Amino acid sequence: MLFNDNDSSAYRRGVVLGLTLAELLLLLLFLFLLLMSSILFRREEEQLDLERRYDASEIERRAFRGAFEGQLEITLGNELAGNIGAPLTQEQLQEPLARLAAMSSENVALRTDLEAATSELAALRDGRPFSQQEASTLRQENARLERQLAMLRDELGDVSELVSAANAVDPERSAADVLNAAMSSYAGLNNDQRMLPDQLAQCHAERSNIGSQLDYIRAQCGRAGDLPPCVYRDDGAIAYSYNVVLSQDGVTAGRGDEGRFRSIPWVAALPDPRLGQPMSLNEFLGATRSHFQASQQQNPECRFFVRIYDQMGDASRQEFLDQYLGVQSHFYHHLVRGG
Numbered sequence: 001m002l003f004n005d006n007d008s009s010a011y012r013r014g015v016v017l018g019l020t021l022a023e024l025l026l027l028l029l030f031l032f033l034l035l036m037s038s039i040l041f042r043r044e045e046e047q048l049d050l051e052r053r054y055d056a057s058e059i060e061r062r063a064f065r066g067a068f069e070g071q072l073e074i075t076l077g078n079e080l081a082g083n084i085g086a087p088l089t090q091e092q093l094q095e096p097l098a099r100l101a102a103m104s105s106e107n108v109a110l111r112t113d114l115e116a117a118t119s120e121l122a123a124l125r126d127g128r129p130f131s132q133q134e135a136s137t138l139r140q141e142n143a144r145l146e147r148q149l150a151m152l153r154d155e156l157g158d159v160s161e162l163v164s165a166a167n168a169v170d171p172e173r174s175a176a177d178v179l180n181a182a183m184s185s186y187a188g189l190n191n192d193q194r195m196l197p198d199q200l201a202q203c204h205a206e207r208s209n210i211g212s213q214l215d216y217i218r219a220q221c222g223r224a225g226d227l228p229p230c231v232y233r234d235d236g237a238i239a240y241s242y243n244v245v246l247s248q249d250g251v252t253a254g255r256g257d258e259g260r261f262r263s264i265p266w267v268a269a270l271p272d273p274r275l276g277q278p279m280s281l282n283e284f285l286g287a288t289r290s291h292f293q294a295s296q297q298q299n300p301e302c303r304f305f306v307r308i309y310d311q312m313g314d315a316s317r318q319e320f321l322d323q324y325l326g327v328q329s330h331f332y333h334h335l336v337r338g339g
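The following block contains the structure:
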C-alpha cells in the first residue's frame with residue numbers, strides 16, 4: 001500500500017506540472033498573438049498614412065498641371081512679337097513673371113514629393129502588395145479629383161488677359177510706331193525673361209511626362225511589373241523612341257514617335273544612333289548605351305521603348321536571336337513580325 005500511495009502522489013504531481021506547463025504555453029501564445037496584432041495594426045496605420053500623403057501629392061500635382069494649362073498656355077515671346085498695341089512695361093510684367101517664378105519653384109517641390117511618394121509606395125508594395133480592388137479604388141479616386149480640378153480650372157484667371165489689356169490698340173498711333181514700341185519693350189527684357197517661353201514649354205513637357213508615369217505606376221500597383229517607361233506621348237500612351245529593323249544587313253534604327261517629351265532637357269541631350277543606315281549589333285549597342293545609362297539614373301528607374309521589326313527573311317534563328325536579345329538589353333520593345 002505504501003508503494004501505491006507514493007506512485008499516486010508522483011502521478012498527481014506530474015499531472016499538475018503538465019497542466020502548469022500547458023498554461024504557460026497558452027500564455028506565451030496569447031502574448032505572441034497580441035504582439036503580432038500590434039505590429040499589424042501599426043503597419044496598417046503606416047500604410048494609411050503613406051496613402052494619404054500619396055493622395056495629397058497627387059492632388060497638388062493635378063492642381064499644378066491644371067493651373068499650368070489653364071493660365072500659362074500662352075507664350076510671352078509670341079505675344080510681344082505680335083504686339084499691335086501699347087508697349088508692355090516692366091511694371092505690367094512684374095505680376096505674371098512673379099507667378100511664373102512661383103510656379104517654377106512649386107514644380108520643383110512637387111517633383112521631389114512625387115519621387116518620395118513613389119519610392120515609399122514601392123517599398124510598401126514589397127511588404128504588402130495592393131489588391132486589384134485597391135488599385136481600382138485608387139484609379140476611381142484619381143478620376144474624381146480630376147473632375148473637381150477641371151471645375152476649379154474654369155474659375156482660374158488667365159495671364160493672357162493682362163497681356164491683352166496692356167496691348168490695347170491706340171487709334172492715334174501708327175502701326176509702325178506701335179510695333180517699334182513693342183520691340184523696344186521686348187529688347188528691354190533681360191535674357192532670363194526672354195527665355196521664359198522655352199522654359200515653360202520644357203516644364204510643360206516634363207510635367208506631362210511625370211503625370212503619365214505616375215498613372216502607369218499606379219496602374220501597376222500590386223503587380224510585379226516591369227520598370228515604367230521613361231517617356232510618354234502627348235496623349236499619355238507609351239512613346240516608342242525608335243523603330244528598329246532587324247535584317248541580314250544588320251540593325252537599322254529609325255525615328256519613332258514625336259511629342260513634347262522630346263523637349264525634356266535630359267531626353268533632348270541624348271544623341272541619336274545613326275538613323276536609316278544598317279549597323280552591326282555592337283555599333284548599335286555602343287550608340288544607344290547613353291539611353292540605357294540615362295534610364296538607370298532616373299528616379300524611379302525607367303526604360304525607353306522601341307518597336308522591333310523582324311525582316312530577317314531566310315536568316316538563321318540564331319542570327320535573329322542575337323540581334324533581338326542585343327536590342328532587348330538596352331530597351332523594352334514591341335515586336336512586329338514581318339513589318
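In this text, residue positions in the sequence shown follow the UniProt record's numbering: the first is 1, and each later residue adds one.
Backbone N, C-alpha and C define an ideal beta-carbon position, used for all residues, glycine too.
Computed from a predicted structure; not experimentally measured.
Nearest-angstrom beta carbon gap, residue j and residue i [assumed within contact, 8 Å]
i, j, result
"residue 340", "Ile308", "An answer regarding residue 340 cannot be provided, because it is not within the stretch 1 to 339 covered by the chain."
"Gly313", "Gln248", "6 Å"
"Asp322", "Leu281", "7 Å"
"Asp234", "Arg260", "6 Å"
"Gly236", "Gly254", "23 Å between Cβ atoms; not a contact."
"Leu227", "Glu301", "6 Å"
Beta-carbon proximity of residue i to residue j, cut-off 8 Å
i, j, result
"residue 342", "Phe305", "No answer is possible for residue 342: the residues shown for the chain start at 1 and end at 339."
"Val251", "Met279", "yes"
"Arg274", "Ala287", "yes"
"Tyr324", "Leu270", "no"
"Tyr232", "Gly256", "no"
"Pro229", "Arg317", "no"
For residue i, the residue or residues it bridges with in DSSP
i, result
"Val306", "Tyr242 and His333"
"Gln311", "Ser247"
"Met279", "Val251"
beta-carbon residue i near the ligand NAD non-hydrogen atom, thresh 7 Å
i, result
"Gly18", "Although the ligand NAD was asked about, the structure shown includes no ligands whatsoever."
Within the stretch 224-274, note down every full alpha helix (DSSP H) run reaching 4 residues or more, in order along the chain. 265-268
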